[in-house]
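Participant:
Residue numbers (the numbering used here): 2 to 88.
#1: What do you get for residue 61, buried or exposed, if any count of 16 or more other CB atoms within 10 angstroms of its CB means buried?
#2: Count the other CB atoms within 10 Å of the CB of residue 33; is the residue buried (16 or more) or exposed (fewer)?
#3: Apart from the five residues on each side of it in sequence, which residues of its chain come closer than 6 Å, Cβ to Cβ, to residue 64?
#4: Please classify residue 36 as buried or exposed, where buried requires at least 16 other C-beta atoms within 10 Å of its C-beta.
#5: Starting from the C-beta of residue 76, find all residues in its chain whose C-beta is less than 7 Å away, skip the five residues before and the five after it, and write them out in chain order.
#6: Using a threshold of 7 Å, state whether the C-beta atoms of residue 40 and residue 58 are closer than that.
#7: State yes or no: is the C-beta of residue 21 within less than 7 Å of the C-beta of residue 86?
#8: Look at residue 18 and residue 38 and say whether their C-beta atoms are less than 7 Å apart.
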């Protein structure tokens with residue numbers, strides 16, 4: 002299956018989030034992108050929120066595994082259904 006470019010709108014500020022489900026597949030583009038990584042529940046990251054075809058997706062900017070945040074070079078996306086905001 003060929004990857005589709007999605008229409009992305011309404012960028013919001015960067016915030017810190019955490020995976021709130023067993024395991025999640027991070028994709029190269031929202032919805033139908035290739036799997037870039039698999040993260041487990043509790044994994045933290047910094048992301049920017051975008052509205053894509055009637056759903057909200059987050060583009061991951063930094064991986065904060067074990068407390069240290071590292072900039073992500075390759076684009077990775079996750080649906081907001083699988084995350085919660087870290088307060």
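C-beta atoms are modelled at their ideal positions from N, C-alpha and C, and glycine is treated no differently.
Here the structure is a predicted model, which is why all the values come from computation and not from measurement.
Facilitator: Per the coordinate set shown:
#1: Position 60 of the chain shown, counting from 1, holds the residue named residue 61. Buried, because 16 or more other Cβ atoms sit within 10 Å of the Cβ of residue 61.
#2: As a working note, residue 33 is residue 32 in the chain shown. Exposure of residue 33 is indicated by the presence of fewer than 16 other C-beta atoms within 10 angstroms of its C-beta.
#3: Translated into the one-based positions of the chain shown, residue 64 becomes position 63. If we look at residue 64 and ignore the five residues flanking it on each side, its Cβ neighbours are 46, 71 and 73.
#4: Walking along the chain shown from the start, residue 36 turns up at place 35. Counting C-beta atoms within 10 angstroms of its own C-beta, residue 36 has fewer than 16 neighbours from the protein chains shown and is therefore classed as exposed.
#5: Taking the chain shown and counting its residues from 1, the one referred to as residue 76 is at position 75. The answer, listed in chain order, is 29 and 60.
#6: Counting from one through the chain shown, the residue named residue 40 turns up at place 39. Counting from one through the chain shown, the residue named residue 58 turns up at place 57. Cβ distance not < 7 Å, so residue 40 and residue 58 don't count as in contact.
#7: Start at 1 with the first residue of the chain shown, and residue 21 comes out as number 20. Start at 1 with the first residue of the chain shown, and residue 86 comes out as number 85. Contact: no.
#8: Position 17 of the chain shown, counted from the first residue, corresponds to residue 18. Position 37 of the chain shown, counted from the first residue, corresponds to residue 38. Taking 7 Å as the Cβ cut-off, residue 18 and residue 38 do not qualify as a contacting pair.
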